[in-house]
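Shown next as structure tokens:
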């Protein structure tokens, strides 16, 4: 943590001793700062990590093609551009209609 941040935390600590209501706020802030510090330490360590495992480009292309086809299939379920965030309701509605049609055919 940098010196400026330590000064701010020190100030918050003194204030929390004066006003007990701020003690929980101070602890929450301190926990948050600790989490960020730990995350930054992890990222620094991660950047040092060197993976020598070869990547098979054919496998990556196959995965990319599979994802592309799946994406196209999902897009087919959109009723229009405004419904792009409503994929699941559209699919569920289509399934319900199919089930209703199948039940009607069974009764006929």
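Numbering (the working numbering), first residue to last: 30 to 137. Every residue, glycine too, gets a C-beta built ideally from N, C-alpha and C. The structure presented is a predicted model; accordingly, all values stated were derived computationally and were not measured.
Check: Contacting residues, own chain, Cβ-Cβ under 8 Å from residue 63 (five flanking each side not counted); Outcome: none
Check: Cα-Cα separation, residue 113 to residue 95; Outcome: Residue placement at residue 113 is poorly supported in this model, since its pLDDT is 49, which falls under 50; the coordinates still yield a value, given next. One C-alpha to the other measures close to 21 Å.
Check: Separation of residue 98 from residue 92, as counted between CA atoms; Outcome: 10 Å
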